[in-house]
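Its first residue numbered 16, the sequence shown is counted upward by one per residue in my numbering.
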Amino acid sequence: MPTTTSSTLPTVDTAPAEILLAPRRFPLALVVRTLVAWLVTLLLFFPLGFLIATAFKTELQAIAVPTEWLFSPTLENFHEVQARSDYLLYATNSLITSVVSTVLGLMIAAPAAYSMAFFRSKRTRDILMWMLSTKMMPAVGALVPIYVLAQQSALLDTRTGLIIVFTLSNLPIMVWMLYSAFKDIPPEILEAARMDGATLWQEAYKVLLPLGMGGLASTGLLCLVLSWNEAFWSLNLSSAKAGTLATLIASYASPEGLFWAKLSAASLMAIAPIVVFGWFSQKQLVQGLTFGAVK
Numbered sequence: 016m017p018t019t020t021s022s023t024l025p026t027v028d029t030a031p032a033e034i035l036l037a038p039r040r041f042p043l044a045l046v047v048r049t050l051v052a053w054l055v056t057l058l059l060f061f062p063l064g065f066l067i068a069t070a071f072k073t074e075l076q077a078i079a080v081p082t083e084w085l086f087s088p089t090l091e092n093f094h095e096v097q098a099r100s101d102y103l104l105y106a107t108n109s110l111i112t113s114v115v116s117t118v119l120g121l122m123i124a125a126p127a128a129y130s131m132a133f134f135r136s137k138r139t140r141d142i143l144m145w146m147l148s149t150k151m152m153p154a155v156g157a158l159v160p161i162y163v164l165a166q167q168s169a170l171l172d173t174r175t176g177l178i179i180v181f182t183l184s185n186l187p188i189m190v191w192m193l194y195s196a197f198k199d200i201p202p203e204i205l206e207a208a209r210m211d212g213a214t215l216w217q218e219a220y221k222v223l224l225p226l227g228m229g230g231l232a233s234t235g236l237l238c239l240v241l242s243w244n245e246a247f248w249s250l251n252l253s254s255a256k257a258g259t260l261a262t263l264i265a266s267y268a269s270p271e272g273l274f275w276a277k278l279s280a281a282s283l284m285a286i287a288p289i290v291v292f293g294w295f296s297q298k299q300l301v302q303g304l305t306f307g308a309v310k
């Protein structure tokens, strides 16, 4: 008898065409959260967007009611800001005072945070809370004594005076952030380095610095932004020689009135560098603000 062989082929389950072509449905909660997030984002961005638009208007367009959204952009305001005020001088003052105060603050805060994190005493927490409490006092409460001290020391309208004030103003935040960063480093690592014969300098340079580099970078970036944006002390302790960009912006509020277009141009030129810097370093800034939040 002839023999027949039967072969079985694997079957592939195919979904019905109507299921494949059906539109994808999103949960209502996800749609609501997305819309709310976009609404909040637009609300937060609106002042900056309005500032940018006004900077490229003429003075008549800037004060027009209702607001003109369709206009021909002009760079006249930026040229007048540079011609009337030496923008590069104010920008240089902001850069020098911010960078130097941040570096000086790190040099003071790092040893303090190191001693508090690895050589704790019963007064360590009290000292930290006292340092933090100094930030709760309004700056205007210390204006008169600091102004008198700066005047007697010939530090009014000088970069040195602003650097000292910026450093002392940000020092409590620096100590707290570095303390949180160093506290997460296992002390056994430092003890092992000491057992291997490492000196205090070698321990700090070869062990503590690499492990705490993230905390140092985040602290430095945050305090650099705070120093750049500091307006109260800049307006009260400086003027033409050592004035920062905050002083430049305030100079456009005159008894004749506010020149909105030129004021917007000066503000945009003042915030643009730090906004770009903050955008590229936002990861480190967020990390610095959340030190110790998650264990």
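Think of the CB as a built atom: it goes at the ideal place given N, C-alpha and C, for glycine as much as any other residue.
By the Cβ criterion, the stretch 244-251 is in contact with the stretch 175-187, since at least three pairs of Cβ atoms, one from each stretch, lie closer than 8 angstroms. Between Ala77 and Met284, the C-beta gap is not smaller than 9 angstroms, which leaves the two residues out of contact. The alpha-carbon separation between Ala268 and Ser254 amounts to approximately 14 angstroms. Counted as a single uninterrupted DSSP element, the alpha helix (DSSP H) harbouring Thr139 occupies residues 139-148.
Under the criterion of beta carbons closer than 8 angstroms, Ala124 and Leu170 do not qualify as touching, at roughly 22 angstroms. Annotation for Leu241: Asn185 place their beta carbon closer than 7 angstroms to its own, counting only its chain and skipping 5 residues before and after.
Straight across, the Cα-Cα distance linking Phe295 with Gly229 is about 15 angstroms. For Cys238, same chain residues with a beta-carbon under 7 angstroms away, outside a window of 5 residues either side, are Thr117, Gly120, Asn185, Ile188, Met189 in chain order.
Straight-line spacing of the CA atoms in Asn92 and Thr259 works out to 19 angstroms. When secondary structure is reduced to three states using DSSP, Ala255 falls in the coil class, being assigned neither helix nor strand.
As for any alpha helix (DSSP H) of minimum length 4 sitting wholly inside the stretch 61-99, the runs are 74-77, 91-99, ordered along the chain.
For Leu273, the three-state secondary structure derived from DSSP is strand. When DSSP states are grouped into helix, strand and coil, Ala246 belongs to the coil group.
Cβ-Cβ distances below 7 angstroms link Glu95 to Lys277 in the same chain, with the five nearest sequence neighbours on each side left out; the list follows chain order. For Val155, no alpha helix (DSSP H) encloses it, and the DSSP letter there is neither H nor E. Residue state for Ala213 is assigned as coil, using DSSP reduced to three classes.
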